[in-house]
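Below: one structure, written as structure tokens.
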Amino acid sequence: MKEKLALVVHRYGLEINGGAEYHCRVIAEHMLGRYCVDVLTSKSKGIKPWDNGYNKDRETIEGIEVLRFAVEDASDFPTDSIERIGPYCPELIAYLKEHYKEYKAIIFFTLHYYTTCVGLRLNLNNAIILPTAHDDHGIWTERYRDIFSYARGILYNTLEEKQLIESIFKTSQIPSRINCFGIDTDTYKKIEDKSLENSQYILYAGRVSNSKNFKELNKYFIEYKEHHPSDLKLVVIGKVDNGMEMIEHKDILLKGFVSDKEKNQYIKNALITVLPSRYESLSIIVLESLICGVPVLVNGWCAVLKGQCIRSNAGLYYTNYREFEKELTLLLENNALRKAMGECGRKFVQSIYSWENIIQIIESLINEVSGNRVVMDNQ
52 MKEKLALVVH
62 RYGLEINGGA
72 EYHCRVIAEH
82 MLGRYCVDVL
92 TSKSKGIKPW
102 DNGYNKDRET
112 IEGIEVLRFA
122 VEDASDFPTD
132 SIERIGPYCP
142 ELIAYLKEHY
152 KEYKAIIFFT
162 LHYYTTCVGL
172 RLNLNNAIIL
182 PTAHDDHGIW
192 TERYRDIFSY
202 ARGILYNTLE
212 EKQLIESIFK
222 TSQIPSRINC
232 FGIDTDTYKK
242 IEDKSLENSQ
252 YILYAGRVSN
262 SKNFKELNKY
272 FIEYKEHHPS
282 DLKLVVIGKV
292 DNGMEMIEHK
302 DILLKGFVSD
312 KEKNQYIKNA
322 LITVLPSRYE
332 SLSIIVLESL
342 ICGVPVLVNG
352 WCAVLKGQCI
362 RSNAGLYYTN
372 YREFEKELTL
382 LLENNALRKA
392 MGECGRKFVQ
402 SIYSWENIIQ
412 IIESLINEVS
422 GNRVVMDNQ
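Numbers given in our numbering equal positions in the sequence shown, counted from 1, plus 51.
So, in structure tokens, the structure goes:
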């Protein structure tokens with residue numbers, strides 16, 4: 052009989068496409084061959100505000116048992132408390148307390164929410180955190196000061212994330228692994244739609260929000276077109292946040308939320324993928340672009356994205372408009388350079404981010420934590 056593995060995340064569902072939520076889902080699906088996988092999550096579909104958009108307490112999604120717990124009112128707690136950040140699900144915490152011994156390991160996804168912070172503070176001897184942390188203001192707040200001391204293992208997305216966490220929280224003695232997200236390379240080999248093949252566009256994919264620094268890209272692209280008139284378009288795929296202020300332009304094409312198939316077609320036929328975000332622990336869209344042979348242009352103030360460009364030799368980075376203009380022009384005007392960088396990117400992802408490699412990495416940490424647990428229980 053297979054051993055059991057639990058993944059704890061704030062939201063979960065096929066229609067939820069947040070970074071950490073998607074990350075949790077694809078790990079759950081790829082670990083299913085080795086474990087009976089339970090996902091413990093809230094009943095919420097939204098974040099601002101949290102809701103109880105899912106009715107069922109339990110359902111099976113793609114072979115994974117999903118246990119959902121109600122989001123309760125947290126208005127009596129202080130404004131800056133983790134309960135108010137939410138989703139406040141005390142029944143999920145009670146379930147963990149009672150059932151944690153049933154699981155070989157429990158992986159908590161993303162540092163910032165109640166489900167992880169309070170779940171880790173139960174001090175479970177099989178708890179692993181996948182923090183998805185980046186160097187923004189929130190990580191320095193008091194609410195996270197001791198959180199890593201309760202983890203028995205850490206799964207980092209990148210070397211830069213590991214260095215950040217170790218510098219702040221002194222976690223070097225905790226068992227850890229780097230790289231815990233995989234790419235299904237065969238999926239991208241099957242993209243055959245060439246309807247966009249001759250279109251001249253650069254691509255932005257993701258949430259269209261201030262938190263992703265889209266406003267800067269919006270401004271930079273318009274300024275670039277003023278200095279370099281051409282047919283070049285900026286294609287934008289992803290949901291626009293409520294209240295997001297944008298400058299409209301005839302060459303900025305907002306496509307909204309699209310299917311995975313459409314997204315992959317937009318990536319495959321783009322000249323370049325641009326990511327202006329300053330805060331990332333990993334960018335899935337960068338990896339998807341590289342496996343498609345599409346070079347990237349990223350914000351150099353983000354250590355993670357800059358590091359990915361340097362290691363892959365498949366991207367450039369900028370820290371101001373002049374650098375953005377210079378590097379975008381270089382990539383657009385040099386087909387041979389784009390092709391060479393694209394090939395480097397494809398090889399980089401294939402060698403590091405295949406799911407076969409990633410599963411081995413995750414399972415090796417699970418086994419180490421489990422072995423340490425047995426030793427401690429016998430002492």
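Cβ coordinates follow ideal geometry from the N, Cα and C atoms, glycine included.
Nothing here was measured: the structure is a model prediction, and the numbers come from that model.
{"Query": "Just list the alpha helix (DSSP H) runs in the region 346-413, keeping only unbroken ones of 4 residues or longer that don't cross its boundaries, in chain order.", "Result": "354-363, 372-384 and 386-403"}
{"Query": "Could you name the residues of the same chain whose beta carbon sits closer than 7 Å to that of residue 429, not counting the 5 residues immediately before and after it, in chain order?", "Result": "Any reading at residue 429 must be qualified, since the residue scores a pLDDT of 48, below 50, and its modelled position is unreliable; the value itself is stated next. Cβ within range, chain order: n/a, list empty."}
{"Query": "My output table needs one value for residue 87: the three-state DSSP class, helix, strand or coil.", "Result": "strand"}
{"Query": "To the nearest angstrom, report how far apart residue 394 and residue 384 are at their CA atoms.", "Result": "18 Å"}
{"Query": "Three-state secondary structure (DSSP) at residue 162?", "Result": "coil"}
{"Query": "Return the chain-ordered list of same chain residues with a C-beta closer than 7 Å to the C-beta of residue 412, the five sequence neighbours on each side being excluded.", "Result": "228, 230 and 231"}
{"Query": "Would you mind working out which of 326, 211, 273 and 202 sits nearest residue 263, comparing C-alpha positions?", "Result": "326"}
{"Query": "Beta carbon of residue 204, beta carbon of residue 81: below 8 Å?", "Result": "no"}
{"Query": "Which word fits residue 218, buried or exposed, when buried means at least 16 other C-beta atoms lie within 10 angstroms of its C-beta?", "Result": "exposed"}
{"Query": "With a threshold of 8 Å, are at least 3 pairs of Cβ atoms found where one atom belongs to the region 152-169 and the other to the region 85-98?", "Result": "yes"}
{"Query": "Is it true that the region 361-380 meets the region 414-424, where meeting means three or more beta-carbon pairs spaced less than 8 Å apart?", "Result": "no"}
{"Query": "Considering Cα atoms alone, identify which of 158, 140 and 71 is closest to residue 55.", "Result": "158"}
{"Query": "Rounded to whole angstroms, what's the CA-CA distance from residue 73 to residue 381? Just pull it up for me.", "Result": "34 Å"}
{"Query": "Looking at the secondary structure, which residues open and close the beta strand (DSSP E) in which residue 286 lies?", "Result": "284-288"}
{"Query": "For the putative contact between residue 341 and residue 396, defined by C-beta atoms under 8 Å, what is the C-beta separation to the nearest angstrom?", "Result": "3 Å"}
{"Query": "Quick check on residue 115: does DSSP put it in helix, strand or coil?", "Result": "strand"}
{"Query": "Which residues share a DSSP beta bridge with residue 259?", "Result": "291"}
{"Query": "So, at 6 Å on beta carbons, what are the nonlocal neighbours of residue 199 in its own chain, with the 5 sequence-adjacent residues on each side left out?", "Result": "220 and 222"}
{"Query": "Taking the alpha-carbon positions, what's the residue 257 to residue 308 distance?", "Result": "9 Å"}
{"Query": "Is the beta carbon of residue 117 sitting closer than 8 Å to the one on residue 101?", "Result": "no"}
{"Query": "My understanding is that residue 172 touches residue 201, with C-beta atoms under 8 Å, so please give their C-beta distance in whole angstroms.", "Result": "6 Å"}
{"Query": "Suppose you measure from the CA of residue 167 to the CA of residue 126; what does that come to, to the nearest Å?", "Result": "20 Å"}
{"Query": "Please report the residue range of the beta strand (DSSP E) in which residue 228 lies.", "Result": "227-229"}
{"Query": "The alpha helix (DSSP H) spanning residue 317 covers which residue range?", "Result": "311-319"}
{"Query": "Going by DSSP, which residues form a beta bridge with residue 272?", "Result": "Note: residue 272 sits in no beta bridge, so no partner."}
{"Query": "Could you please give the first and the last residue of the uninterrupted beta strand (DSSP E) stretch that includes residue 326?", "Result": "323-326"}
{"Query": "Counting pairs of beta carbons, one from the region 290-299 and one from the region 317-331, are three or more of them closer than 8 Å?", "Result": "no"}
{"Query": "Using a 10 Å radius around the Cβ and a threshold of 16 neighbouring Cβ atoms, would you call residue 294 buried or exposed?", "Result": "exposed"}
{"Query": "Evaluate residue 209 with the Cβ neighbour count: other Cβ atoms within 10 Å of its Cβ, from every protein chain shown; 16 or more gives buried, anything less gives exposed.", "Result": "buried"}
{"Query": "Go ahead and pull the three-state DSSP assignment for residue 205.", "Result": "strand"}
{"Query": "Below 7 Å, is the gap between the Cβ of residue 398 and the nearest heavy atom of the ligand COA?", "Result": "The ligand COA is absent from the structure shown, which contains no ligand whatsoever."}
{"Query": "Run through DSSP, which three-state label would residue 76 get?", "Result": "helix"}
{"Query": "Assign residue 174 to one of two classes, buried (16 or more other C-beta atoms within 10 Å of its C-beta) or exposed (fewer than that).", "Result": "exposed"}
{"Query": "Beta strand (DSSP E) containing residue 57: first to last residue?", "Result": "55-59"}
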